[in-house]
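Visitor: Below: one structure in C-alpha cells.
There are 2 protein chains.
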Amino acid sequence: MSQLLYQHGTLANLVPGLFAGTMTIGELMRHGDTGIGTLAGLDGELVILAGVVYQVASSGKVRVVQPEEKLPFANVHYARFHTVGKLKNVTDSQLRPTIESTLATVNTFAGVKMHGRFSHVQTRVVNAQQAPYPTLRATAEAQTLFEKDDVEGTVVGYFTPLLYAGVAAPGFHLHFLSDDHKFGGHLLSLDVTEAELGIQTFSDLRLHLPVDDAAFKQEDFDETKIVKDIMVAEG
Amino acid sequence: MSQLLYQHGTLANLVPGLFAGTMTIGELMRHGDTGIGTLAGLDGELVILAGVVYQVASSGKVRVVQPEEKLPFANVHYARFHTVGKLKNVTDSQLRPTIESTLATVNTFAGVKMHGRFSHVQTRVVNAQQAPYPTLRATAEAQTLFEKDDVEGTVVGYFTPLLYAGVAAPGFHLHFLSDDHKFGGHLLSLDVTEAELGIQTFSDLRLHLPVDDAAFKQEDFDETKIVKDIMVAEG
Chain A
1 MSQLLYQHGT LANLVPGLFA GTMTIGELMR HGDTGIGTLA GLDGELVILA
51 GVVYQVASSG KVRVVQPEEK LPFANVHYAR FHTVGKLKNV TDSQLRPTIE
101 STLATVNTFA GVKMHGRFSH VQTRVVNAQQ APYPTLRATA EAQTLFEKDD
151 VEGTVVGYFT PLLYAGVAAP GFHLHFLSDD HKFGGHLLSL DVTEAELGIQ
201 TFSDLRLHLP VDDAAFKQED FDETKIVKDI MVAEG
Chain B
1001 MSQLLYQHGT LANLVPGLFA GTMTIGELMR HGDTGIGTLA GLDGELVILA
1051 GVVYQVASSG KVRVVQPEEK LPFANVHYAR FHTVGKLKNV TDSQLRPTIE
1101 STLATVNTFA GVKMHGRFSH VQTRVVNAQQ APYPTLRATA EAQTLFEKDD
1151 VEGTVVGYFT PLLYAGVAAP GFHLHFLSDD HKFGGHLLSL DVTEAELGIQ
1201 TFSDLRLHLP VDDAAFKQED FDETKIVKDI MVAEG
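Residue numbers (the working numbering), protein chains in the order written: chain A, 1 to 235; chain B, 1001 to 1235.
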C-alpha cells in the first residue's frame, strides 16, 4: 500500500529567506492529520496532532492555529504509525541512533511519533521575522531556548535521507508538544524515561512548490551553498 | 490548479546499479499518459505519448511495451502542455537555452513537448544490462548512437532544477520518437527546422520509491559521489 508524505515548500526556499506564507493551513490539512511546520515569517514551530495545528511561539505560548493562516513550509501525512516498542531510560545521545535502528531503510522518508514521559526536554523556537526577511542562517541567532524536566508529551517529525538535503533537513527533524499544551518547540535534546515509539515508512513524497509566488519564481538559488547553510541552521 | 509530475525511482538509485524492475508499466500508467523512462536492466529508452509506451531498444528497433513489463525509473504526467510558440531553424547549441527562456521559473519541474520537423537528430540508447548490474557510469560506455537527417517526430521530457540533482537529471532530460515509430532514443543533439513547443509547469512532484525492494533498502548510497556520477553518465 502506498504511504504518502506531503510537503509544502522546501528547506532550500528558507535558506535565502523565502519566509512568506504561500499556502493556508486549511489547504495543508487536506493532505494529512499529523505533521510539523512553521508559520509565515518563521513565526514559531508547528506541531500537528490528530488534525489540530498547534503553534509554539517564541514567547513559549502554545495556541491552536486557524485555517486561514499561511505558511512557507510544512510536512503532513495521515497517521498510520506502527508501534515498534517502548523506549526506557534512553538519553539524548542514544535517541537518534535508537530510532534510526528501527527504520526499515534509511533510503526513504519516514514519520516518527513518540508519546511518553521524558526526564528532560530542550527545545528552541525561532523568533518571528519581519519582511524584508533575513537568511535562514541569520535566524539561527534569533531564537529562544526552552527546557523542562519530567514532562509528558509527544515527539512528532520526520526522517529524511541525506540525498534530499535541499528538500528537507537531512536526518531527523522532530518537534515536541507537552500533553498539557504548555510547552513545546523544535526538539534540541530529549532524555526518555519511558515512551512508546511509532514509525511510518513512506513510499511516496508529494512535494508541492509555491509556483505562483513571484519571489520563489525569481530566486536565484546557490545550490552548492544551500546544503551547508541548512546544516548550520538546523543543526 | 495543481499540476503533478509522477516519478518512480530516482536517478541516484541507478548510479550504483539498482536497475531491477520495481514497478510495472501498468501501475505507472495509472499516473499519466506522457513521459519517459527505461525498462529493467536499463533496457532501452522509453517514450510515452498519448498513453502508449514505446521502447527504443539498443538495436534501434521501436516497439510498444506491455503492461506487465517492469521498470526501475520513469516520469509520467497527464499532458496539459500550453503552446509557447513555433521554433524555426534553431540549432542544437541554442535549443536548451531557447526552451529554458520560455519556462515560468527554473525553480520547479516542467514538462517539455515539441513536435515538428528536424534537420538532424542524434540519439543514444543504453545497451540492456544483465544482473549483477554494473554502475550507471560503466553503462555510459555501453550504448549505441543513432542519427537521422530530416525527420518528423516528437521530443518529450522534463526540466529538473539543479537542487534535485539526485532525484533526476538536472536540467533537460529529453527523449525522441519519430512519427513513423522507426527512430528514437535519449536525445543528444537536435537541429530544429520547424517545431511547435509546449511547456507544462508542475506545482507538485510525487516521488515514488521502491520501498519493498531489498536491494534499494540495503543500498549504502554515497551521496557526495552521486551527483558527480550523474553528470558524467547523463551528460
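Note that beta-carbon positions come from the ideal geometry of N, C-alpha and C, so glycine has one too.
So, helix, strand or coil for B/Thr1102, using DSSP?
Guide: coil
Visitor: Thinking B/Lys1113 and B/Gly1198 are a contact (beta carbons under 8 Å), I'd like their distance in whole angstroms, please.
Guide: 4 Å
Visitor: Taking the straight line between their C-alpha atoms, what separation do you get for B/Leu1136 and B/Phe1073?
Guide: 13 Å
Visitor: Comparing C-alpha positions only, which one of A/Gly116, A/Arg117, A/Asn89 and A/Val84 sits nearest to A/Ser101?
Guide: A/Val84
Visitor: CB-CB under 8 Å to B/Phe1216, same chain, minus the five flanking residues each way: which ones, in chain order?
Guide: Asn1013, Leu1018, Thr1022, Leu1209 and Pro1210
Visitor: Using the Cα positions of A/Leu162 and A/Leu174, report the straight-line distance between them to the nearest angstrom.
Guide: Approximately 16 Å between the Cα atoms of the pair.
Visitor: For a test of the three-state rule: what should DSSP assign to B/Lys1086, helix, strand or coil?
Guide: strand
Visitor: Can you list, in chain order, the residues of the stretch 1197 to 1225 of chain B whose Cβ is nearer than 7 Å to any Cβ on chain A?
Guide: Thr1201, Ser1203, Asp1204, Leu1205, Arg1206, Leu1207, His1208, Leu1209, Val1211, Phe1216, Lys1217, Glu1219, Phe1221 and Glu1223
Visitor: Between A/Asn107 and B/Phe1146, which are expected to be in contact by the criterion C-beta below 8 Å, what is the C-beta distance as a whole number of angstroms?
Guide: With 8 Å as the limit, A/Asn107 and B/Phe1146 do not qualify as a contact, their Cβ atoms being about 35 Å apart.
Visitor: Tell me which same chain residues have a C-beta within less than 6 Å of the C-beta of A/Tyr78, skipping the five on either side of it?
Guide: Gly32 and Asp33
Visitor: Along the beta strand (DSSP E) that carries A/Leu4, what are the first and last residues, could you check?
Guide: Leu4 to His8
Visitor: Name the chain B residues whose beta carbon is nearer than 8 Å to that of A/Arg75?
Guide: Checking the sequence, you will find Asn at residue 75 of chain A rather than Arg. The contacting residues do not exist; A/Asn75 stays about 14 Å from chain B at best.
Visitor: Whole-angstrom Cβ separation of A/Leu187 and A/Thr98, contact assumed at under 8 Å?
Guide: About 14 Å; that fails the 8 Å criterion.
Visitor: Chain A partners of B/Gly1166, CB-CB under 8 Å?
Guide: Leu163 and Tyr164
Visitor: For A/Tyr164, does the three-state DSSP call read helix, strand or coil?
Guide: helix
Visitor: Hey, does B/Thr1160 have any beta-carbon neighbour from chain A nearer than 8 Å?
Guide: no
Visitor: What does DSSP give as the partner residues of A/Phe176 in its beta bridges?
Guide: According to DSSP, which records beta bridges pairwise, A/Phe176 is partnered with A/Val155 and A/Gly185.
Visitor: Strictly below 7 Å CB to CB, what residues from chain A border B/Ala1020?
Guide: In chain order: nothing, as chain A lies at least about 14 Å away.
Visitor: Mind pulling the chain B residues with CB within less than 7 Å of A/Ala12?
Guide: Leu1163
Visitor: Out of A/Phe159, A/Phe118, A/Leu205 and A/Lys70, which one is the CA nearest neighbour of A/Asp242?
Guide: The shown model of chain A, from 1 to 235, leaves out residue 242 of chain A, and the question about it has no answer.
Visitor: What do you get for A/Gly7, buried or exposed, if any count of 16 or more other CB atoms within 10 angstroms of its CB means buried?
Guide: It is worth fixing the name first, because residue 7 of chain A is Gln in this sequence and not Gly. Buried, since its Cβ has 16 or more Cβ neighbours within 10 Å.
Visitor: I'd like to check one pair, B/Ile1036 with B/Val1047: are the Cβ atoms closer than 8 Å?
Guide: Contact: yes.
Visitor: Cα separation between A/Tyr164 and B/Met1029?
Guide: 26 Å
Visitor: A/Glu152 to B/Ala1169, Cα distance in whole Å?
Guide: 46 Å
Visitor: Within the stretch 9 to 84 of chain A, note down every full beta strand (DSSP E) run reaching 3 residues or more, in order along the chain.
Guide: When DSSP assignments are scanned along the stretch 9 to 84 of chain A, the uninterrupted stretches of beta strand (DSSP E) that are 3 or more residues long and fall wholly within it turn out to be 34 to 39, 43 to 49, 52 to 56, 62 to 64 and 73 to 77.
Visitor: Can you tell me where the beta strand (DSSP E) with B/Gln1122 in it begins and where it stops?
Guide: In the DSSP assignment, B/Gln1122 falls within the beta strand (DSSP E) that extends over Ala1110 to Val1126.
Visitor: What are the boundary residues of the beta strand (DSSP E) that includes A/Leu207?
Guide: Asp204 to His208
Visitor: Give the interface partners of B/Thr1105 over in chain A, defined as CB-CB distance under 8 Å, in chain order.
Guide: Val211, Phe216, Lys217 and Gln218
Visitor: I need the straight-line Cα distance from B/Gln1094 to B/His1082, nearest angstrom please.
Guide: 21 Å
Visitor: Since B/Thr1102 meets chain A, which of its residues come closer than 8 Å, beta carbon to beta carbon?
Guide: Per Cβ cutoff of 8 Å: no residues; B/Thr1102 is ~14 Å from chain A at best.
Visitor: By the criterion of Cβ-Cβ separation under 7 Å, what are the contact partners of B/Thr1108 in chain A?
Guide: Leu209 and Val211
Visitor: Roughly how many angstroms separate the alpha carbons of A/Arg117 and A/Glu194, rounded to a whole number?
Guide: 5 Å
Visitor: In the DSSP assignment, the alpha helix (DSSP H) including B/Gln1218 goes from what residue to what residue?
Guide: Ala1214 to Gln1218
Visitor: Secondary structure at B/Gln1094, three-state DSSP: helix, strand or coil?
Guide: Judged by DSSP in its simplified three-state form, B/Gln1094 adopts helix.
Visitor: Does DSSP put B/Asp1229 in a helix, in a strand, or in coil?
Guide: helix
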